[in-house]
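Enquirer: Structure in structure tokens, see below.
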Amino acid sequence: MKEQELNTLMSVVSDPIKNVYKIESRKDLEEIQRIIRIFNIAESQHNKHAMLSIKNLATLRLVLSNN
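Numbering of the sequence shown is given in my numbering, commencing with residue 166 and proceeding in unit increments.
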């Protein structure tokens with residue numbers, strides 16, 4: 166999910182000129198922190214999937230080289 170989609174879903178307002186988020190209340194701050202957590206989770210999941218793909222490719226090459 167892209168940052169723009171998350172902003173729309175969570176009703177977070179950003180200032181396009183300053184390229185910053187407007188934090189006018191505690192709720193705004195919590196929404197932005199939630200977006201950051203989502204991006205961190207997505208990044209860590211991508212890294213895990215990339216490592217699994219590399220491992221699977223190495224196993225496949227090993228099997229093919231033995232045949």
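Just so it is clear, CB atoms sit at the ideal spot from N, CA and C, and this is done for glycine as well.
Would you kindly report the start and end of the unbroken alpha helix (DSSP H) that includes glutamate 195?
Expert: Residue 195 sits at position 30 when you count from the first residue of the sequence shown. 191-231 is the span of the alpha helix (DSSP H), which, as asked, contains glutamate 195.
Enquirer: For leucine 194, collect the residues of the same chain with a Cβ closer than 6 Å to its Cβ; drop the 5 residues on either side in sequence, then sort them by chain order.
Expert: Here residue 194 corresponds to residue number 29 of the sequence shown, with the count starting at 1. Excluding positions up to five away in sequence, the list reads Ile188.
Enquirer: Spatial neighbours of alanine 223 within its chain, please: CB distance less than 8 Å, with the 5 preceding and 5 following residues excluded, ordered by chain position.
Expert: By 1-based counting over the sequence shown, the position of residue 223 is 58. Once the five neighbours on either side are set aside, alanine 223 has no close Cβ partner at all.
Enquirer: State the Cα-Cα distance for the pair alanine 215 and asparagine 221, rounded to the nearest angstrom.
Expert: In the sequence shown, counting from the first residue as 1, residue 215 sits at position 50. In the sequence shown, counting from the first residue as 1, residue 221 sits at position 56. Going by the C-alpha atoms only, they are around 10 Å apart.
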